[in-house]
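Take any residue in the sequence shown, note its place counting from 1, add 3, and you have its number in this note's numbering.
A short write-up of the structure that comes next.
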Amino acid sequence: MKSIIWNHQEARLRAGWRVLLIVVAVGVASTALSGPGRRLLTERLPYIYASLIESLALVVLVAVILWLAARWLDRRRFADYGFHLGREWWLDLAFGLLLGLVLVCGAYALLLGTGRLRITETFVSPVGLPFVGAMVIDVLIVVGIAGWEEMVFRGYLVKNVAEGLSGGVLGARWGTVVAVIVPAAFFGWLHATNANATVLSVVNIAIFGILFGVAYVLTGELALPLGLHFAWDFTQGFGFGRSPEPSELGTFLLVEEGNADARMWTGWPSGFEGGLVATAMFALGFVLILAWVRYRRGILEVQPSVTRAPVRAVGR
């Protein structure tokens, strides 16, 4: 008989091994799939299909890991990581998708219009695969990438760190600030091994992680950061592919460097996040996210669900 209401507001970082355990589990799964798993798949399948299987397998594995963590470690519902589906959730998702599309397209319009980049080909698809089919697969690939990264870095890490720090000397406000910044810094550091990564690209990706974190803590849901993350990655990766890299996944437009002296702005060859135009887009993204949350909710504040541990009924 469930007769006692138990507030599980323990200092969750007191048992930091739980957070470490999940990070290690996700790291092992990611490394296995991106290392030997990728080699095994690419030996047997075209690159685009191998990438699809890898991406979807990883998001499913991460979802299972977090479901187990929710049930046995966090003692919460899986939905509490940011999946309380409803009208507001879907509206936030739609806004995130639109925001990512506008930010990336606006940046590329500026770079193309000023001659810093130029278009070389259009509607490129892998050999033997129709363009529409390639785009459908690319959508699923990015769903997997954005899905697992947001579930781990925002849904799990931000939430657990915010809960653990909010009950101590930092309090809810500063505990949440730390909870947003630390996973974002980790997020940026993980991208330091990307091809042609630079200090600016790593810093920009960390800022991007902060942008996702702010969207998460102000809404209490993963919808807005998921939409933004998906639209940003898809538009940048498959809306504006980079030449002369082989286009094994397909792209709407293939672009190349138009002015080698403008790399501070374009980020070339490390990628769009390696330039100052991306930094400016992140700043604009912050402003638009704050405006959206204020418009939809009437106030800018950290959602209590982010900092409060679940209240559960415990049987005798």
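Backbone N, C-alpha and C define an ideal beta-carbon position, used for all residues, glycine too.
- One thing to note: G85 has its Cβ within 8 Å of the Cβ of L225.
- Secondary structure remark: continuous beta strand (DSSP E) runs of at least 3 residues inside the region 247-301, in chain order: 254-260.
- Annotation note: the region 150-200 contains the following uninterrupted alpha helix (DSSP H) runs of length 4 or greater, listed N- to C-terminal: 162-169 and 174-193.
- For G244, the three-state secondary structure derived from DSSP is strand.
- Separation of the CB atoms of P186 and G99 is rounded to 18 Å, and the pair is thereby denied contact status at 8 Å.
- Distance between G40 and T196, taken at the CA atoms: about 19 Å.
- Linking V305 to W20 through their CA atoms gives a straight-line distance of about 26 Å.
- Counted as a single uninterrupted DSSP element, the alpha helix (DSSP H) harbouring R41 occupies residues R41 to R47.
- One thing to note: A110 has its Cβ within 8 Å of the Cβ of M284.
- The straight-line gap separating the alpha-carbon atoms of A97 and V180 is approximately 26 Å.
- By the beta-carbon neighbour count (other beta carbons within 10 angstroms, threshold 16), W271 is buried.
- Across the set G277, R300, L214 and T254, the C-alpha of T254 shows the shortest separation from the C-alpha of E124.
- Taken through DSSP and simplified to helix, strand or coil, R79 comes out as coil.
- At a Cβ-Cβ threshold of 8 Å, A188 and T310 do not count as neighbours.
- Inter-residue distance for E46 and A53 is about 9 Å (C-alpha atoms, whole angstroms).
- Of the candidates L59, V27 and C108, the residue whose Cα lies closest to the Cα of G242 is C108.
- By the C-beta density criterion, S37 is exposed, having fewer than 16 other C-beta atoms within 10 angstroms.
- For T222, the number of other beta carbons within 10 angstroms of its own is at least 16, and it is reported as buried.
- Runs of the alpha helix (DSSP H) lying entirely within the region 98-155 and spanning at least 4 residues, in chain order: 134-153.
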